[in-house]
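J.: Numbering (the working numbering), first residue to last: 139 to 726.
Every residue, glycine too, gets a C-beta built ideally from N, C-alpha and C.
So that we are looking at the same thing, I have put the structure below in structure tokens.
Pasting the structure below:
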């Protein structure tokens, strides 16, 4: 871990502790005190002018972490060196943060043990803020602690705890980790002193880089006597003290890439001997047994190998490998989630397509049912007259049901449906032929109606002429009255006969009108049949564009019923009738 990142984690705890209302901001006066204490602990020359200039009172409000970071980087972290006591630095940050967050009365550990767990948390936590420790690092720490206490690791107990942890969150903050260890959940049946010793051993290994420690005998350089000493092996040195309380340090063995460690034969009544050869001098040491000697020699040789290769301590390398593995697994998980999302999107699109196809099939079935209802209604009304049409409708319905079944099986019988479509097109041509015949019948009725109208107009003109002659005969002389009376009676008889003939023509016109209505109904049925075929074919295939009959203009209505002539023909006939009337008037 880089020195800057390690320091930032402890400073982050101190900054958040000063954020009383959890707004992400701290008052300027508190930050000034924090900056002064940091400079003092890390032995950095304090520049009060720069501090006051950075925190000048242009803005009376508090400062966030983004506002404090420029000063922290420029005037503190950029100037820091590794010549200060990190434990004092951590103690200062711990004192600020523990007052707000630590509840000592509920814990089975001392404040010093809680401080050591806090330091271990900073070492194992992720590099993202707010700081948290993931379950993998929690398991690593608890395994180390259990081994240090001489206990056995219970995998099932941690798996149960991990399940509880995953249901809420997948990580812990520093105070939750302290509460977990201090509650004794993973150290049941272990006394407080053993727990404290285990925490201290893990703290020394992970934070103080103590790779191995224990009592051994050391041979003096001057008096050549054997004295028991407490040895502590670090990555670049091996210190020895009078006791394990580390109160009286007696010496230090500097290690480098040129050092070596070798076993020695038994001598002077001492067994399990080995020698450490450094660049300055050699040290003869006596372990308690062969196993201890082998463990110490292996640990020292590991340190020398790391120094030769320029690598970090084993626990630091292990932490980096675990973090790289987590990053790799997270990237693989994100890639897997991305692929799963893509597959889900494709599946949803497929489901939507299937749903649309199902809706189309349902709509086709509904339309087929509606068409069947209409067909049945038409069949009930025209059962005797249109029996052949009924057979064709049954055939069409069967073909439509087959097409709906084929559509539901993903168009697997495409060639068969093409054949059925050809049959449908043949039937459509028959329907168009029926429509053409209906139009021919309509045209014949129109001609008949026109002839009847012309005869009716001629008779009306004859009646008007007779009436005019009668009026002239009455107005000539009163003397010819009786003769005219007889003539009038004869003409009235002729008029009566003409009226009878006119009634006969009216009946013929009514018959022609009924025939015209029948032809019109046939034409509408043929047009509806054509539209139905066109809709079904276009819906199922979209391959044809049917030829539709031309639209009809608005029909004219006379006082005798629908007329079979256009506006131009009506105007022409009115003009002829008016001319004949004017000629008759002039003749009188």
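1. Below 8 Å on the Cβ atoms is my contact criterion, and I expect residue 276 with residue 245 to pass it. Report the Cβ-Cβ distance as a whole number of Å.
2. Which two residues bound the contiguous alpha helix (DSSP H) that contains residue 328?
3. So what's residue 247 in DSSP terms, helix, strand or just coil?
4. Check whether the segment 581-594 and the segment 641-649 are in contact - that is, three or more C-beta pairs closer than 8 Å.
5. Among 530, 522, 559 and 529, which one has its Cα closest to the Cα of residue 540?
6. So, at 6 Å on beta carbons, what are the nonlocal neighbours of residue 179 in its own chain, with the 5 sequence-adjacent residues on each side left out?
7. Grab the span of the beta strand (DSSP E) containing residue 365 for me, first residue to last.
8. With respect to the beta strand (DSSP E) encompassing residue 390, which residues constitute its N-terminal and C-terminal limits?
9. Quick test of your reading: residue 423 and residue 356, contact by CB under 8 Å. State the CB separation rounded to the nearest angstrom.
10. Just verifying my parser: in three-state terms, what is the DSSP assignment at residue 396?
11. How would you write the range of the alpha helix (DSSP H) that residue 460 sits in, first residue to last?
12. Could you tell me whether the Cβ atoms of residue 534 and residue 565 are closer together than 8 Å?
13. Between the C-alpha atoms of residue 320 and residue 492, what's the straight-line distance to the nearest angstrom?
14. Which same chain residues end up closer than 8 Å to residue 419 when comparing Cβ atoms and leaving out the 5 residues on each side of it in sequence?
15. Give, in chain order, every unbroken run of the alpha helix (DSSP H) that is at least 4 residues long and sits entirely within the segment 395-448.
16. Quick one: Cα of residue 483 to Cα of residue 345, how far?
17. Look at the alpha carbon of residue 220 and the alpha carbon of residue 145, and state the distance between them as a whole number of angstroms.
18. Between the segment 572-586 and the segment 544-563, do at least 3 Cβ pairs fall closer than 8 Å?
19. Around the Cβ of residue 556, are there at least 16 other Cβ atoms within 10 angstroms (buried) or fewer (exposed)?
20. Are the Cβ atoms of residue 312 and residue 453 separated by less than 8 Å?
21. Please classify residue 683: does DSSP put it in a helix, a strand, or coil?
22. Could you pull out every residue in the same chain whose Cβ sits closer than 8 Å to the Cβ of residue 282, ignoring the five residues on either side in sequence?
23. Take residue 206 as the anchor and find which of 626, 161, 153 and 552 has the nearest alpha-carbon.
24. Nearest to residue 248 by alpha carbon, out of 223, 212, 334 and 239?
25. DSSP on residue 271, reduced to helix/strand/coil?
26. Would you list the one or two residues that DSSP bridges to residue 381?
27. Please check the pair residue 396 and residue 417, which I expect to be a contact at CB under 8 Å, by giving their CB distance rounded to whole angstroms.
28. Should residue 474 be labelled buried (16 or more other beta-carbon atoms within 10 Å of its own) or exposed?
29. For residue 684 and residue 569, what's the separation of their Cα atoms in angstroms?
30. With distances taken between CB atoms, is the gap from residue 393 to residue 375 smaller than 8 Å?
31. Within 10 Å of its beta-carbon, does residue 709 have 16 or more other beta-carbons around it, so buried, or fewer, so exposed?
32. Could you check which residue in 318, 288, 286 and 218 has the C-alpha nearest to that of residue 296?
33. Tell me, please, which residues DSSP counts as bridged to residue 375.
34. Residue 354 bridges to which residues according to DSSP?
35. Run through the DSSP bridge pairs and tell me what residue 310 is partnered with.
36. Short of 6 Å in beta carbon distance, which residues of its chain neighbour residue 337, apart from the five on each side in sequence? Order them along the chain.
T.: Taking the geometry as given:
1. In fact, because the Cβ distance is near 17 Å, the residues do not count as touching under 8 Å.
2. No alpha helix (DSSP H) contains residue 328, which DSSP labels as neither H nor E.
3. coil
4. Taking a cut-off of 8 Å on C-beta distances, the segment 581-594 touches the segment 641-649, as three or more cross pairs fall below it.
5. Minimum Cα distance to residue 540 is reached at 559.
6. 226, 227 and 230
7. 364-372
8. 387-392
9. 6 Å
10. The answer is coil: DSSP assigns residue 396 none of H, G, I, E or B.
11. 452-519
12. yes
13. 58 Å
14. 359.
15. Fully enclosed alpha helix (DSSP H) runs of 4 or longer: 428-447.
16. 48 Å
17. 11 Å
18. no
19. exposed
20. no
21. Its pLDDT being 45, under 50, residue 683 is placed unreliably by the model, and the measurement read from it follows with that caveat. In the structure shown, residue 683 sits in coil (DSSP, three-state: anything other than H, G, I, E or B).
22. So the qualifying residues of the chain are 340, 343 and 344.
23. 153
24. 334
25. Annotated three-state conformation of residue 271 is strand, per DSSP.
26. For residue 381, which the question treats as bridged, DSSP gives no partner whatsoever.
27. Contact holds; Cβ gap of about 5 Å.
28. exposed
29. For residue 684, the predicted model reports a pLDDT of 45, less than 50, meaning its position is unreliable; a value from the coordinates is still stated below. Taking the straight line joining both Cα atoms gives about 12 Å.
30. Yes. Within cutoff.
31. exposed
32. For residue 296, the closest alpha carbon among the candidates 318, 288, 286 and 218 is that of 318.
33. Note: residue 375 sits in a beta bridge opposite 372 and 392.
34. 367
35. 271
36. 251 and 254
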